[in-house]
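Notes for the one structure printed next.
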């Protein structure tokens with residue numbers, strides 16, 4: 022089978038660079054990657070990371086998502102303008118009090134984050150419709166589902182992206198064209214670090230002292246803890262995006278960080294928005310210290326999870342099962358805290374060991390995972406649900422990594 026042609030925007034750094042390299046260095050050589058960026062003079066990092074793939078399975082081209090002529094020229098340089106997968110990744114950020122942001126900067130952000138996507142889709146979609154096939158993958162954000170304090174304009178751009186795609190997906194399916202939104206939470210990239218540094222140095226004289234203090238001494242401090250505790254790497258997002266591209270039935274939405282799944286569920290559980298607004302207000306203004314402590318605990322737990330216990334067998338089986346009828350499905354990838362079987366039933370995920378575990382002798386009543394909740398299914402009492410994990414790769418939603426409630430001291 023001929024390799025799929027994948028065009029990716031915003032490849033000079035971060036997620037775009039990581040994804041371009043991941044696809045170009047695919048061991049099965051399933052992809053021909055066209056990695057694009059506004060300024061090809063900044064392609065050095067990509068070329069170095071691609072190594073021998075450059076010129077073979079990866080080609081670098083100039084493309085500015087804010088320039089229709091640039092987009093058209095790039096597509097016209099591709100034989101038959103044939104793109105199997107478009108990955109819209111280029112974007113810019115903005116954080117801070119609304120009064121301190123210029124209208125020109127807001128319009129520029131929307132021009133890149135939203136209208137950049139619109140320009141790309143306008144050029145690529147007609148060709149995909151004619152061929153009756155294609156896949157448009159959009160790197161969105163968890164802020165396309167839920168606005169976050171002091172990210173007003175950035176969240177607005179991602180809401181626009183999500184509304185655009187949600188409206189377009191039904192029509193596209195008629196022509197066998199899939200649309201997928203990949204929704205990362207915090208990702209530790211040059212993009213994010215630059216935004217954070219700029220925010221620390223910015224002038225906040227155009228807002229009131231109380232708002233300036235909340236942003237600089239509350240938001241920025243907590244933001245640093247969030248990235249340190251829950252942040253993913255560009256390579257993590259590249260792996261998630263690869264699974265979306267590989268899926269036989271690509272999901273419309275794919276969240277890469279299941280720590281944010283409860284937030285999405287809470288929002289959709291209450292159409293009035295009162296639950297979400299109240300929860301965020303209390304987190305920011307009433308339980309700030311608890312939030313910071315929780316984030317640091319999660320950071321410690323993630324660090325401990327990366328240290329494989331000496332008693333865990335090297336190839337411990339991990340299988341997905343449905344609790345109804347206990348039918349075994351195909352194996353799923355290993356996860357953080359792997360070493361157990363995952364069961365799904367009645368919307369609750371729980372675990373049971375496939376055989377007695379060596380090592381810590383007896384389960385105890387408490388878990389070393391943060392925010393754990395008791396499992397209610399019959400697949401093994403005493404096992405608890407932890408708040409993170411990863412997708413099963415088949416577009417069927419998130420599988421939470423779970424851990425046995427062993428005492429750790």
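In the working numbering, the protein residues as written are 22 to 430.
Backbone N, C-alpha and C define an ideal beta-carbon position, used for all residues, glycine too.
Buried versus exposed call for residue i [16 or more other C-beta atoms within 10 Å across all chains shown]
i	result
residue 219	exposed
residue 49	exposed
residue 154	exposed
residue 303	exposed
residue 145	buried
residue 289	exposed
residue 244	buried
residue 226	exposed
residue 262	buried
residue 134	buried
residue 188	exposed
residue 255	buried
residue 293	exposed
residue 253	buried
residue 236	buried
residue 351	Low local confidence applies: a pLDDT of 35 at residue 351 is under 50, so the model's placement there is unreliable, with the coordinate-based value given in what follows. Exposed, because fewer than 16 other Cβ atoms sit within 10 Å of the Cβ of residue 351.
residue 250	buried
residue 295	exposed
residue 56	buried
residue 123	exposed
residue 80	buried
residue 184	exposed
residue 276	buried
residue 286	exposed
residue 74	buried
residue 114	buried
residue 371	Unreliable placement is indicated for residue 371, whose pLDDT of 34 sits below 50; the coordinate value is still reported in the next sentence. When all chains shown are included, residue 371 counts as buried.
residue 264	buried
residue 58	buried
residue 149	buried
residue 231	exposed
As assigned by DSSP and simplified to three states, the class of residue i
i	result
residue 27	strand
residue 191	helix
residue 178	helix
residue 223	coil
residue 155	strand
residue 145	helix
residue 216	helix
residue 202	strand
residue 36	helix
residue 163	helix
residue 22	coil
Rounded distance between the beta-carbons of residue j and residue i, thought under 8 Å
i	j	result
residue 173	residue 119	5 Å
residue 52	residue 30	In fact, because the Cβ distance is near 16 Å, the residues do not count as touching under 8 Å.
residue 36	residue 110	6 Å
residue 71	residue 27	With a Cβ gap of about 14 Å, residue 71 and residue 27 do not count as contacting.
residue 190	residue 273	6 Å
residue 278	residue 206	4 Å
residue 223	residue 121	7 Å
residue 171	residue 240	5 Å
residue 248	residue 213	7 Å
residue 211	residue 91	With 8 Å as the limit, residue 211 and residue 91 do not qualify as a contact, their Cβ atoms being about 23 Å apart.
residue 103	residue 271	No, residue 103 and residue 271 are not in contact; Cβ-Cβ is about 19 Å, not under 8 Å.
residue 167	residue 284	6 Å
residue 89	residue 140	6 Å
residue 130	residue 182	That pair is no contact at about 12 Å.
residue 132	residue 87	5 Å
residue 45	residue 258	That belief does not hold up - the Cβ atoms of residue 45 and residue 258 are roughly 16 Å apart, past 8 Å.
residue 106	residue 266	6 Å
Cutoff 8 Å: residue i Cβ touching any chain B Cβ
i	result
residue 197	Of the protein chains in this structure there is only one, and it is not chain B.
Open item on the list: Give the list of continuous beta strand (DSSP E) stretches no shorter than 3 residues that lie fully inside the region 41 to 98.
Closed with: Assignment of beta strand (DSSP E) within the region 41 to 98, counting only whole runs of 3 or more residues, yields 52 to 58, 79 to 83 in chain order.
TODO: May I have a chain-ordered list of the beta strand (DSSP E) segments no shorter than 3 residues that lie completely inside the region 258 to 308?
DONE: 274 to 276
Open item on the list: Between the region 160 to 173 and the region 190 to 207, can you find at least three pairs of beta-carbon atoms closer than 8 Å?
Closed with: yes
Task: 3 or more residues per run - each beta strand (DSSP E) lying fully within the region 227 to 251 - done: none
Task: Whole runs of the alpha helix (DSSP H) within the region 102 to 142, excluding any shorter than 4 residues - done: 124 to 134, all fully within the region 102 to 142.
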